[in-house]
Amino acid sequence: MNNKFLSAPFVLPALVIGLAILLSSFVGAATFLKARSLDDALSVTGSAKMRVTADSVKWSFNISRRVTEYTLQSGYSNMAKDLTAVKNFLSQNGLKEEQITIAPIYMEEMYKDPNSSGPREITLRQSIMVQSTDVAGITSLAKSTEILTTTGIFLSSFSPEYFYSKLAELRVSLLSDAIKDAKARANEIAKSSGQSVGSLKSASSGVVQVLAPNSVEVDSYGSYDTSSIEKDVMVTVRAVFFVK
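Residue numbers 39 to 282, in my numbering, belong to the letters of the sequence shown in order.
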């Protein structure tokens, strides 16, 4: 008898419609509860920024010689003499051996016209990197390389890069200030609707932005400006507060 009942033409569609109504009622109730819970909370973004001074510096430069395939050996000898002069220059300016990193000589063959009968030309290049906490001293030294170039050394210098070593500790204190800023913003928003802000429900921090002074060039993945000695460190936080 049950089988006959289920096989009746009107029974199966009625069951499907009934199930759909039941599911829609459940989804509607869940949405209502979620919306109601969101009405009891306020999400805002806060930020905090502090100006810091770099406490370490990295300076890189290259020395090079252009030779031919026939003068390669003498080219290496001249590179060794150039390196000795560079090391003496750095030592005389207070740098210690452990502060200097010297890369092996890199040999690059220059383009040669296939129709040319001359010897192959080769550039020998060696990179030197200096790391120090004497930010002012290295900045000044990077501007004084003409002392070496006037002796016949081919030197190519890059701009110094500046870093701040206490970023992790600073981030912690800035996060606290960013949450305070978020709560102040939440209070202003809540006042406009006749509500008041309660306790913190949740918070998530954004990436750290290390910017050149007064810069607005932030990045969603975080940024770290190395071109300036003075830097603005900024953090953001997304905070959710209960409201009543």
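For each residue, glycine too, the CB sits at the ideal point set by N, CA and C.
Being a predicted model, the structure only gives us computed values, none of them experimental.
If you compare the alpha carbons of D172, A123, E159 and G113 with that of E184, the shortest gap goes to A123. Bridge pairing for N100: S165 and S194 [DSSP]. Excluding residues up to 5 positions away in sequence, T161 lie with their Cβ nearer than 6 Å to the Cβ of R104 in the same chain. If you check the CB distance, M272 and Q233 do not come in under 8 Å. One thing to note: I217 has its Cβ within 8 Å of the Cβ of A277. Note that the C-beta distance between A92 and F196 is not below 8 Å. In the DSSP assignment, G236 falls within the unbroken beta strand (DSSP E) covering V235 to S243.
The shortest CA-to-CA distance from N100 to any of M117, K204 and G113 is the one to M117.
Classified as buried, D219 has 16 or more neighbouring CB atoms from the shown chains inside 10 Å of its CB. Taken through DSSP and simplified to helix, strand or coil, M117 comes out as helix. Burial is judged here by how many other beta carbons sit within 10 angstroms of a residue's own beta carbon; Q164 has at least 16 and is buried. Judged by DSSP secondary structure, A277 falls within the beta strand (DSSP E) whose first and last residues are E268 to V281. Taking all protein chains shown into account, G113 has 16 or more neighbouring C-beta atoms within 10 Å of its C-beta and is therefore buried. In the structure shown, A86 falls within a strand segment according to DSSP collapsed to helix, strand and coil. In the DSSP assignment, I138 falls outside any alpha helix (DSSP H) and within the unbroken beta strand (DSSP E) covering I138 to I140. Distance from the CA of L213 to the CA of S94, rounded to the nearest whole angstrom, comes to 24 Å.
Per DSSP, the continuous alpha helix (DSSP H) segment holding L179 begins and ends at V173 to L179.
Using a C-beta cut-off of 8 Å, the segment 172-180 makes no contact with the segment 143-154, since fewer than three inter-stretch Cβ pairs fall below that distance.
Just so you know, the alpha carbons of K204 and G244 end up roughly 18 Å apart. Taking S261 as the centre and dropping the five residues before and after it, the same chain places the C-beta of Q247 closer than 6 Å to its C-beta, in chain order. Of the candidates A241, T171, K119 and A224, K119 places its Cα closest to the Cα of T189. Counting along the chain, L212 sits inside no beta strand (DSSP E); it lies in the alpha helix (DSSP H) bounded by residues L205 to S230.
For the 8 Å CB-CB criterion, V275 and A79 do not form a contact. P157 is positioned such that its CB atom lies closer than 8 Å to that of Y108. Rounded to whole angstroms, the separation of the alpha carbons of A141 and V173 is 23 Å.
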